[in-house]
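First comes the structure, then the notes that go with it.
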Amino acid sequence: MQCIYSLPLQISPIICLITNNVAEKVLDLFDEMKIEPDQFTLSTLFNACAVLNNNRAMKTGKKLLAEMPENYRNHNVISTSAIDMLMKFGDVESAETIFRSINAKDIITYGAMVKGN
1 MQCIYSLPLQ
11 ISPIICLITN
21 NVAEKVLDLF
31 DEMKIEPDQF
41 TLSTLFNACA
51 VLNNNRAMKT
61 GKKLLAEMPE
71 NYRNHNVIST
81 SAIDMLMKFG
91 DVESAETIFR
101 SINAKDIITY
111 GAMVKGN
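Heads up: the sequence shown begins at 1 in the UniProt record's numbering, then just goes up one per residue.
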């Protein structure tokens, strides 16, 4: 199993699962851990939700997005992950709202918006 070792310890199991294509287990583990999501966790969870793209993923992803702390809203990595997730859900309007709110867009942010689902 391939893992990433430079991230906070609490997120390491989640990163290992998403890296090894078991996104459903990412959401299971997150529910089990009962942790407050930080910037790394949010980005990873948005990616897992985008990969799953099912009812549970949509519910979880949109809930995380609604509860996301205000200071993360202009963070490019988190916002780009959220845009990618929303585009995969087919929620172009919400993705565009986030895209427009980002002050310093980069090529990856534009790519997530253009690529769509």
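Glycine is no exception: its CB is placed at the ideal position from the N, C-alpha and C atoms.
### Query
Helix, strand or coil for Arg73 per DSSP?
Coil at Arg73, not helix or strand.
### Task
Could you tell me whether the segment 63–72 touches the segment 37–52, using the rule of 3 or more Cβ pairs below 8 Å?
Enough Cβ pairs lie closer than 8 Å, so yes.
### Query
For the candidate residues Met68, Met33, Val22, Leu29, whose alpha-carbon lies nearest to that of Gln39?
Of the candidates Met68, Met33, Val22, Leu29, the one whose C-alpha sits nearest the C-alpha of Gln39 is Met68.
### Inter-residue spacing [alpha-carbon to alpha-carbon] between Val51 and Ala23
In this structure, the CA atom of Val51 is about 7 Å from the CA atom of Ala23.
### Task
Could you round the C-beta distance between Asn53 and Phe89 to whole angstroms and report it? I think they count as a contact, below 8 Å.
Sure, about 7 Å apart at Cβ, within 8 Å.
### Message
If I follow the unbroken alpha helix (DSSP H) through Lys115, where does it start and stop?
### Response
Segment 107–115, the alpha helix (DSSP H) holding Lys115.
### Query
From this set, Val26, Ala104, Lys105, which residue's C-alpha is nearest Arg56's C-alpha?
Nearest C-alpha to Arg56 among Val26, Ala104, Lys105: Val26.
### Query
Hey, how far is the Cα of Thr60 from the Cα of Thr109?
The straight-line gap from Cα to Cα measures roughly 22 Å.
### Message
Going by DSSP in three states, Ile35 sits in which element: helix, strand or coil?
### Response
Ile35 falls in the coil class under three-state DSSP.
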